[in-house]
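J.: Under the numbering used here, the first residue of the sequence shown is numbered 6, with each subsequent residue one higher.
Beta carbons are placed, not taken as given, at the ideal position from N, Cα and C, and that holds for glycine.
Before I ask anything, here is the structure I am working with.
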Amino acid sequence: MEKVKAAIIGSGNIGTDLMYKLEQSDVIDLTTMIGIDADSDGLIRAEKSGYRVFSNGIQGFVDNPDSADIVFDATSAIAHVEHAKILKDLGKMVIDLTPAAVGPFFSPAVGNKEDNSKLDNVNMITCGGQATIPIVNAVNQVSDVKYGEIVATISSLSAGPGTRANIDEFTITTRRGIEEVGGANTGKALIILNPADPPILMRNTVYCEVEHMDEAKVNAAIKAMVDKVKEYVPGYHLRQDPIFDGNTITVFLEIEGAGDYFPPYAGNLDIMTAAAKRVGEDFGRLMLDKKAAVQNHKK
């Protein structure tokens, strides 16, 4: 089967984990890894795996634009603002794994109302957003969510420099995602880096205040959404049944990573890269279908 060529910008924890995810894809053909430090673990691993590597940042891709049609940006929010302009000028499809929010928010389990064929930059929100926003959306489908609050707790060992530099952007972008994708009238997001040793699995708390409470429908909607997320993140699960108290629902989640790069405690990496892989594959199929249609028209 024909594949779509792709590159990753950012050779840190998220970019390296994504590299291993994309190796398993039957749609994406990863060709290139781009970083800013030739001695970074990600670039060293990429080179050993046979990929083209550039250690001069996005300039390496500017000088070699034919190496990919889809670019996954796993750098930082500040860097992506500049990268987005450059990649748009180069006519590349961009999957943004930073909290920059240049393009519309995407969560594979929720879907979107956009015309994907017209998009050239989409945002994967945040790891906490990918874990919790589907639950807010599930509740909102059957009981209007007036207020949604999430707390994402991750092991400090799984938070690299990029994640730590984007704490403010995390809270802002995740809040927006709770409202725009989750459907809450008002949202709030918090992140906690837990230094426990041994490291904890990623844990998330979702709190919703709703109107028109129907406990049976809400419970069923939450569990159906968990099953949808598990299709691409097998380690995603409820820690216990949802807790109902009047017009409020509290949901406790835990995510065990696949261990592709970091150990399984790094569920924050796993859900972000697995979601990006799924979205990248969806856009890859669109690109392949468009290419096939053009070829058929020429015949």
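1) With burial defined as no fewer than 16 other Cβ atoms inside 10 Å of the residue's Cβ, what is the status of residue 217: buried or exposed?
2) Taking only the alpha-carbon atoms, compute the straight-line gap between residue 264 and residue 275 and give it to the nearest angstrom.
3) Count the other CB atoms within 10 Å of the CB of residue 53; is the residue buried (16 or more) or exposed (fewer)?
4) Report the start-end ranges of each alpha helix (DSSP H) in the stretch 11-85 that is 4 residues or longer and not cut off at the edges.
5) Return the CA-CA distance between residue 243 and residue 25, expressed in angstroms with no decimal places.
6) Whose C-beta lies closer than 6 Å to the C-beta of residue 115 among residues of the same chain, with five residues either side of it excluded?
7) According to the neighbour-count rule (16 or more other Cβ atoms, all chains shown, within 10 Å of its Cβ), is residue 223 buried or exposed?
8) Taking a contact to mean a Cβ-Cβ separation below 9 Å, would you say residue 125 touches residue 86 in this structure?
9) Give a yes or no on whether the C-beta atoms belonging to residue 82 and residue 171 are separated by under 9 Å.
10) How far does the beta strand (DSSP E) with residue 250 in it reach, from first residue to last?
11) Taking the runs of the alpha helix (DSSP H) that are 4 residues or longer, which of them lie wholly in the stretch 204-277?
12) According to DSSP, simplified to helix, strand and coil, what is residue 90?
13) Starting from the Cα of residue 261, find the closest Cα among 58, 93, 279 and give me that residue.
14) So who's on the other strand from residue 183, going by DSSP bridges?
15) From 183, 174, 123, 84, pick the residue whose C-alpha is nearest to that of residue 150; which is it?
16) Using beta-carbon positions only, say whether residue 58 and residue 34 come within less than 9 Å of one another.
17) In the structure shown, what three-state DSSP assignment does residue 103 receive?
18) Just mark residue 122 as buried or exposed, buried being the case when its beta carbon has 16 or more other beta carbons within 10 Å.
19) Following the continuous alpha helix (DSSP H) through residue 115, name the residue where it begins and the one where it ends.
20) Can you look up residue 292 in the DSSP assignment and give me helix, strand or coil?
21) Sorted by chain position, which residues of the same chain lie with C-beta nearer than 8 Å to residue 67's C-beta, five sequence neighbours on each side aside?
22) Would you call residue 225 buried or exposed, if buried means 16 or more other Cβ atoms sit within 10 Å of its Cβ?
23) Contact between the stretch 199-206 and the stretch 159-176 is defined here as three or more beta-carbon pairs at a separation below 8 Å; is this criterion met?
T.: Here's the rundown:
1) exposed
2) 8 Å
3) exposed
4) 18-27, 46-53, 63-67
5) 26 Å
6) 139, 142, 186
7) Classified as buried, residue 223 has 16 or more neighbouring CB atoms from the shown chains inside 10 Å of its CB.
8) no
9) With contacts defined by Cβ atoms closer than 9 Å, residue 82 and residue 171 form a contacting pair.
10) Its beta strand (DSSP E) spans residues 248-250.
11) 220-235
12) helix
13) Shortest Cα-Cα distance from residue 261 to any of 58, 93, 279 involves 279.
14) Its beta-bridge partners do not exist; DSSP assigns none.
15) 183
16) no
17) coil
18) exposed
19) From DSSP, residue 115 is part of no alpha helix (DSSP H); its letter is neither H nor E.
20) helix
21) 91, 95
22) Sixteen is the threshold: since fewer than 16 other Cβ atoms of the shown chains lie within 10 Å of the Cβ of residue 225, the residue is exposed.
23) yes
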